Each structure stands twice: as structure tokens, then as C-alpha cells.
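Number of protein chains: 2
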Amino acid sequence: MKIAVLGGTGDQGLGIVIRFIQAGEEVIIGSRKAEKAVAAVEKVKELLEKDDIPNLSGMANEDAADKGDILILTVPLAAQMPTLKSIADFAEGKILLDATVPLDTVAGGGPTRYVDLWEGSAAERSAAVLKKKNVKVVSAFNNISNSHLMNFNEDIDCDCLISGDDNESKKIAAELIEKIPGVRCIDCGPLDKARIVEKITPLLIGLNIKYRSHYGGLRITGINFDK
Amino acid sequence: MKIAVLGGTGDQGLGIVIRFIQAGEEVIIGSRKAEKAVAAVEKVKELLEKDDIPNLSGMANEDAADKGDILILTVPLAAQMPTLKSIADFAEGKILLDATVPLDTVAGGGPTRYVDLWEGSAAERSAAVLKKKNVKVVSAFNNISNSHLMNFNEDIDCDCLISGDDNESKKIAAELIEKIPGVRCIDCGPLDKARIVEKITPLLIGLNIKYRSHYGGLRITGINFDK
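Those protein sequences? They're chains A and B, same order as listed.
With the working numbering, letter number 203 in the first sequence gets 203, and the count goes up by one each step, no holes.
With the working numbering, letter number 164 in the second sequence gets 1164, and the count goes up by one each step, no holes.
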């Protein structure tokens, strides 16, 4: 299963790329410009101290979406709509993991506040934009900090809360995501649950700032998920 | 320090009452009707299998607010405004811990969804209603389930995320709340952070329903709060 990380040149995208490379998956970095994606591949090689990573490539978002079997969107909110529109024709029937968080930074505010989106959540916005393409949108990765992802020699001490309207896609997503050491994936229900999960991120960013950390995350307690 | 639990006859209120009685605090149960508060005292005696609990009493909300040094509001959203208005004259200058969660049940919906309040959160609504009374509102207890509180022979495996605009009040609140075994209190910042914390509750209720639990909670990870 080829994973295409769209907008995969920022810390969040790169972190996810590295984690899946470490897990032995085939990964494509997508970027608005192919050159940036290729440069990101070089950066990953440097970070992992490898001359060659045969299971990693870089290309424009459109090509990455075309070649990928499962797509992961890791762009700031302002880039979400244009990126989705650019890849829509290549996403038909695929699973899209949406990591977009509606931070108030999009409107000139701070990262410790959210903005309310018309659709309810960034993930539902993705689903709306891609409605005609039968794309299965799964909200994921929202609460795992970029630094946490990029700290790739350490396990991640954070649950990944996912939401989505297609159970089969969520199962595939969870199986994939749990290849990242330390991450437990929790199905929170239908896609509209992303309205809550996305809002937890500015809370965690606020805690990171207040308590001088970069690794704020969360674990759900009190529930046996293995039943 | 006398603790008055206003609307303390439901499971959430009773659970908090019992936890503070166990911690040796002096507690007053308040209810709309004094008789109900007195009956709740009897219920606590039964539950704790004690003939007498000298540090527990029951009375009307107004009297409880008058006698209490620190007030805890544990009512459903629909009862929040009337309760606050009834106790406002007796709350002058005191600390009010607000446990109210804006669940969609108030509008005939389910407990796995929230409603948006004009003030942003239930806690900010309390602050607005009590503005002229110099009450220090601290949002607290939102994410600890009623069953968890009522399961009083077990420690609570959940953080208590608090928010408020007065740091001294938050310190007093945190010291008090951490007398409940297992609970770690985390200051999330100004009162408007309750907009996020309150919304986590319907997510946890949804997880409880989905995974057949009653004890869903959360722990913040990745941050050293002792620094």
C-alpha cells in the first residue's frame, strides 16, 4: 500500500513520512512543487543518515495523489481547499487521512485558539470538497504534535483519535497508523466527531506553550478498547 | 474550607460530595429544595455505611451558597442559569467551580454532541451571570464521568482540566481537587479554554457508549507539569 503524504514537506508531513519509512512502508512525498518534494526526500535521507531510501520518492501533489493508494493531507488550513481541489481528480475512491486543524492562525490569531468552519470541522470540509469523488475521509493525526512526530527515535506517547463515516476505511487507517510505535488508534465514531477532536489541538498547543514542552498529547483512560 | 455542592443530589454532585467527604473536607449538599438535599445526605450515609457524617449537611442551594466558602456547581445545563440567579446574592467574592457541560441533551439531542453557547462555554456563562458579584469562576470536573466519581472505592484515572481567569483561585481549586485520589489537576489557562475542555465530554460519552464503559476519561501526556 503506497502512502502519499500531501503537503509532506512541513514538520508534520515529514514526521509522518519518517515514521512510515521506519515502519517499512512505501511513501511518496507530495508538495505543491515537485522540486520541494524532491528536496524533502533529500532531507529525510539526511535525517535518517541513509544514502538511499528505495521506498521513498517525491513529486507534485497531483502525481503523489495519483500514485498513492492511501492519501494523508498535512497542510495548514489555508492550503487545505486549494490542495484538495488540485488532487480531487486523482483521489477517486481512495482513503484520505485528514490531519488539518482549524487553528486561528489562519485568521491572524494564535495557535491556541480554533476557528469554527462552516462544515463543522476541517475533515468534514474535505469530505464536502471531495463528495463527488467517493473519497473516504478519515480524520486523523490531529492531536500528535509535529515535534513528537519528528522526534523519530522515540515512541509516541499519544493516542490517535480517528473519526470517519466508513468503517472499513477506519480499520485500514488504524492498522496503518498503529505501525507507528507507541500510537494507539481510537475510533471515535462518525466523521462529525472531528469537530471535537480537532479542537483539542489548540488546547494541547496552549499547554505546550504554558509548560514549555513540545510533546503535549493525550491518552484516553478508563475504557477497554480490546473487548 | 466549607465546600458547597450546588445541585449536589445527582450522580455527579453526589460523587463529588462523597469524594470530598472521604478526603475529610466539610461539605454541604445544596439542592433546589432543602428536603432533597437532606435526603441526599441520608443517601451518602447509606452509601458510605455510616450512621453519622458530622462533616456533611444538606440545605437549599441559597443557604448552601451562603455558608460555603467554595462553591461547586453540578447541575444540567438547563438548570445552570436559574441556579446561578438564585445563589448570586450569596456568592459574592467566592470561588465557583463550574462543572456544567453544554450537552445537546438540553435541546432534545444526545449526550454525544455539544451545543454552542453564546458566551462560548458554560463556564463563561457562569462568569457572565455572576459578573457583578466578583465571583471567581473556575471550570472544572467536566471530563470526569459521574460513574467514575460515584465509584468511590477506586482511584480516578483521569486528569481534571481546569480553566479560569484568576490564578489564585485556580491554585486553591487545584489543591482541593487533587485531594481526590488519582486526579491530577491541570491548569489549561484562561476561562475561555473551557470552550474546548467542555466539548471533550461528549466525545468521552460517545466513547463510553461505543465501547460499553462508564469510565472514559483522559490523561495529558508528554508534558512535565512539575517543572
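In this text, a Cβ means the ideal position worked out from N, Cα and C, and glycines have one as well.
Please read these numbers as outputs of a predicted model, since none were measured by experiment.
Would you please verify whether the beta carbon of residue i is less than 8 Å from any beta carbon of chain A?
i, result
"B:Ala1225", "Per the sequence shown, the amino acid found at residue 1225 of chain B is Phe instead of Ala. For B:Phe1225, the answer is yes, since a Cβ of chain A falls inside 8 Å of its Cβ."
"B:Ile1200", "yes"
Anything in chain B within Cβ reach of residue i, meaning under 9 Å, just list it in chain order.
i, result
"A:Ile172", "Simply none; closest approach about 19 Å."
Please tell me whether residue i has its Cβ less than 8 Å away from any Cβ of chain B.
i, result
"A:Val44", "no"
"A:Lys210", "yes"
Starting from residue i, follow its DSSP beta bridges and name the residues at the other end.
i, result
"A:Val5", "A:Ile29 and A:Ile72"
"A:Leu103", "A:Tyr114"
"A:Ile95", "A:Ile70 and A:Lys136"
"B:Gly1058", "B:Ile1029"
"A:Gly217", "B:Thr1221"
Reducing DSSP to helix, strand and coil, say where residue i ends up.
i, result
"A:Ser145", "coil"
"B:Ala1034", "helix"
"B:Ser1121", "coil"
"B:Leu1228", "Residue numbering for chain B in the displayed model covers 1001 to 1227; residue 1228 of chain B lies beyond these limits and cannot be assessed."
"B:Gly1206", "helix"
"A:Ile53", "coil"
"A:Arg19", "helix"
"A:Asp63", "helix"
"B:Ile1223", "coil"
"A:Gly13", "helix"
Under 9 Å Cβ-Cβ, which residues of chain A neighbour residue i?
i, result
"B:Cys1160", "Those within 9 Å of B:Cys1160 in chain A number zero; the least Cβ separation is about 12 Å."
"B:Asp1157", "Thr221 and Gly222"
"B:Gly1216", "Ile220, Thr221, Gly222 and Ile223"
"B:Cys1188", "Leu203, Gly206, Leu207 and Lys210"
Can you name the residues of chain A whose CB is closer than 8 Å to the CB of residue i?
i, result
"B:Val1197", "Leu203"
What residues of chain B sit near residue i, judged by a beta carbon separation below 7 Å?
i, result
"A:Lys193", "Leu1203 and Gly1206"
Strictly below 8 Å CB to CB, what residues from chain B border residue i?
i, result
"A:Ser213", "Gly1222, Ile1223 and Asn1224"
Worksheet item: What are the start and end residues of each continuous beta strand (DSSP E) run of 3 or more residues lying completely inside the region 137-203 of chain A, in chain order?
Response: 159-164 and 184-187
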